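One structure is given below, encoded as structure tokens.
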DNA sequence: CATGAATGAGGCTTCATTCAT
DNA sequence: GATGAATGAAGCCTCATTCAT
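Protein chains in written order, with the UniProt record's numbering: chain A, 1 to 201; chain B, 1 to 201; chain C, 1 to 201; chain D, 1 to 201.
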């Protein structure tokens, strides 16, 4: 399926490192704008202002750079959330802050969204593993809170996927489409729903 | 530039109608399994057991059949939900039944999910219009219920997108990935969360 | 190269005759407007308002109808010139009238020009035979006139091809492109050149 | 819709330049022999002994290379005539030399003829512009000669098109079909006709 | 390390022709 | 005679990848 003669190279020089980063940055823009399948390697190398051959010095294939890109963004995002929510003990506040950081991250990396969504059609494993990794932390956090009696008891996995679905759709609608700044009031209302549901008290 | 002489045809005979349907059925499977970009016209015509040329008797392009397919599935799904929830007045029960029908539909049309998600990368307009159409009905329904005081008052648009996100992610996880039958108990728990939230009473 | 299962049919009924003529008329328009290679059988059958299958009742192939069309137009043109110049004995007057009739014919059959020119790229034989037939008569006529001492003596073949080239280019420029009516004065000037040349007396 | 990423390239290296020229040379032969519509890209690349993909490194389409080819031949031909007739002041001699060079050029580029004729069915604009450019120079030259009283006064445009028609048809008949060497005697006779016409003195 | 010309498999699309009704 | 659905060979074009410089 996938031939290769040059092994993927980890850059050994400063210059090489820079070139590789230029390619990754270019890929983020190109894949984000055109989509993985519509984008071509030339699009990326032109955007990065390097020649076609250079691409294959650092990446094995189109799939390869996509994978590396998506994985690094996932890592960054998880890290941002982790750091931003450090020290918050109250579950509700933690969710509130998590949402805020997620939407902020989305605003900064406008293409992240399309990148993640496409992963499903480029590399199923990549897509699944993202959800598994992300949900794992989420689930165990929720479970803790439930055991401590902080929040109502539900199937924590179900809850995690509900929250992720909400983040996804709200992010899509308001950050990606409407390009509105997601205000604190907006997030407050969202958290209010999560906390209280739609049922009358 | 010059008008096409082999225009896309609406079939004029019974036989033609059948052939077109065979192609649509084949496309559902092929697009669902391989994804739009990985699938080729030949994949579809082989699955439908017709020759390649026949495809172009009824469709203008790969995009064309995809669009027709997605639009017809959207219509069917909305219709199924509409019919299934007719006569239900209680909002919570309506949501419960809506979820049930949605998951059922998903189980029957295993590929619907992937089809819808891909629309974003095939035809942005198609994707947007789906969300707009679907959410419009949802929003106005929620607004009614709020005005009647049946449920808590939130931004109905926000609520609609939350619900849609939940349906999407829960469907993805349990119907698509786990391939579990979504039991009534499962839906009850889901609805319980929507009704009461995670906050302690 | 050319398969066939149905032999070309000479229509046996009035209805058949009409259908065949409709196809020929349609072909004149379609080939004339789009050109042989750009035109499709469907273009012709649609223009003729008959079904695709009907075409093959009367013609063996696309080349076949083109050939029949071109040959019949050639015949008509030659006939028109022959009849129109009957009885003219003076060579110069004969040329004058020949030009007039040719341009008139061109005006009536706007597509004839493109049809003839394309013949070269559809069926070399057809093209050659047209020139041979047309020039044969021309040459022998010129030869007669020379022998009678009516006109200067030249290689009659050379003269014939010069005249044909003139007709072709003048027709192209003024009838086809400019769509001007070719006046008698215009033809007179043309004949004057042919008679006297560009040299000062 | 989406800008092409593999844009047609002007070759940046010597090697590239050579390859492009090989393709142009091959196209001259292939288009000349088979005709534009009967020729395929593969025919051209095989003749040029390069791979199919290479074609698209330098040309956008079959039309594109045809256009470039025809335009460059036109330029060369006009240049050859211009250079060859430089310094000739006598109009009749100028025509004589013009004819000679034209037929010589035709003999060298046997396919030029078919190439030019086909232009009409490939790119109408190209065809027209050729005639306009070519005739423009011709017309103004004739006009000058008339004003100087060197030759009889006619509509110079008419005369130019007559001469072009003669060149075309004589070239077709004797260079292309008969493949005879066009002798000086032959041209002398031609020029004699142009000078003196067919009328008796 | 960087370059960009060359490759060719793979996919889309057209349309002349056939044939069952 | 007429119909139009079905066929599939043939051609255009793209672009991921290789490799000589």
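Don't be surprised by glycine CBs; every beta carbon is placed ideally from N, CA and C. Note that the coordinates shown come from a computational prediction; the quantities given were computed from them, not determined experimentally.
Proximal chain A residues relative to residue i, where beta-carbon distance stays under 7 Å
{"i": "residue 164(B)", "result": "169"}
CA nearest to the CA of residue i, picked from the options
{"i": "residue 114(C)", "options": "39(C), 190(C), 191(C)", "result": "39(C)"}
{"i": "residue 106(B)", "options": "19(B), 184(B), 168(B)", "result": "168(B)"}
{"i": "residue 136(A)", "options": "156(A), 91(A), 83(A), 149(A)", "result": "156(A)"}
{"i": "residue 162(A)", "options": "26(A), 31(A), 195(A)", "result": "195(A)"}
{"i": "residue 123(B)", "options": "37(B), 140(B), 148(B), 17(B)", "result": "37(B)"}
{"i": "residue 75(D)", "options": "52(D), 94(D), 102(D)", "result": "102(D)"}
{"i": "residue 31(C)", "options": "173(C), 78(C), 67(C)", "result": "67(C)"}
{"i": "residue 172(A)", "options": "78(B), 158(B), 176(B), 179(B)", "result": "158(B)"}
{"i": "residue 63(C)", "options": "121(C), 133(C), 128(C)", "result": "121(C)"}
{"i": "residue 132(C)", "options": "148(C), 25(C), 164(C), 17(C)", "result": "164(C)"}
{"i": "residue 200(D)", "options": "179(C), 160(C), 33(C), 148(C)", "result": "148(C)"}
{"i": "residue 215(D)", "options": "42(D), 134(D), 34(D)", "result": "Since the displayed chain D opens at 1 and closes at 201, residue 215(D) lies outside it and no answer follows."}
{"i": "residue 178(C)", "options": "128(D), 179(D), 9(D)", "result": "128(D)"}
Cβ-based neighbour list, residue i, same chain, cut-off 6 Å, excluding 5 preceding and 5 following
{"i": "residue 181(D)", "result": "none"}
{"i": "residue 100(C)", "result": "187"}
{"i": "residue 27(A)", "result": "44, 65, 69"}
{"i": "residue 33(D)", "result": "none"}
Own chain, CB closer than 7 Å to residue i, minus 5 neighbours either side, in chain order
{"i": "residue 98(D)", "result": "81, 85"}
{"i": "residue 73(C)", "result": "109, 112, 115"}
{"i": "residue 2(C)", "result": "Low per-residue confidence applies at residue 2(C): pLDDT is 39, beneath 50, and the placement is therefore not dependable, though the value from the model is reported in the following sentence. 61, listed in sequence order."}
{"i": "residue 184(A)", "result": "none"}
{"i": "residue 175(A)", "result": "103, 106, 107, 182"}
{"i": "residue 20(C)", "result": "11, 58"}
{"i": "residue 15(A)", "result": "none"}
Cβ-based neighbour list, residue i, same chain, cut-off 8 Å, excluding 5 preceding and 5 following
{"i": "residue 70(A)", "result": "115, 116, 119, 126, 130"}
{"i": "residue 29(C)", "result": "47, 111"}
{"i": "residue 190(C)", "result": "99, 166, 170"}
{"i": "residue 268(C)", "result": "Outside the displayed span of chain C (1 to 201) sits residue 268(C), for which this structure offers no information."}
{"i": "residue 96(C)", "result": "187, 188, 191"}
{"i": "residue 151(C)", "result": "91, 92, 142, 145"}
{"i": "residue 88(B)", "result": "94, 97"}
{"i": "residue 4(C)", "result": "Annotation note: pLDDT 41 at residue 4(C) (below 50); position unreliable, no value reported."}
{"i": "residue 52(A)", "result": "41, 42, 45"}
Residue i: contacting residues in chain D (beta-carbon distance under 8 Å)
{"i": "residue 159(C)", "result": "193, 198"}
Cross-chain neighbours of residue i in chain B, by beta carbon under 8 Å
{"i": "residue 151(A)", "result": "198, 199, 200"}
Contact list for residue i against chain B, beta-carbon separation under 9 Å
{"i": "residue 117(A)", "result": "117, 120, 121"}
Closer than 7 Å at the beta carbon, the chain C residues around residue i
{"i": "residue 127(D)", "result": "Simply none; closest approach about 10 Å."}
{"i": "residue 173(D)", "result": "161"}
{"i": "residue 190(D)", "result": "158"}
Under 7 Å by beta carbon: chain D residues contacting residue i
{"i": "residue 155(C)", "result": "189"}
Chain-ordered chain D contacts of residue i [CB-CB under 9 Å]
{"i": "residue 205(C)", "result": "Given a span of 1 to 201 for chain C in the structure shown, any question on residue 205(C) remains unanswerable."}
Whole-Å CB distance - residue i paired with residue j, under 8 Å assumed
{"i": "residue 193(B)", "j": "residue 138(A)", "result": "Not a contact, Cβ separation roughly 15 Å."}
{"i": "residue 197(B)", "j": "residue 197(A)", "result": "4 Å"}
Chain C contacts from the segment 16–43 of chain D (Cβ-Cβ distance under 9 Å): 35, 36, 37, 38
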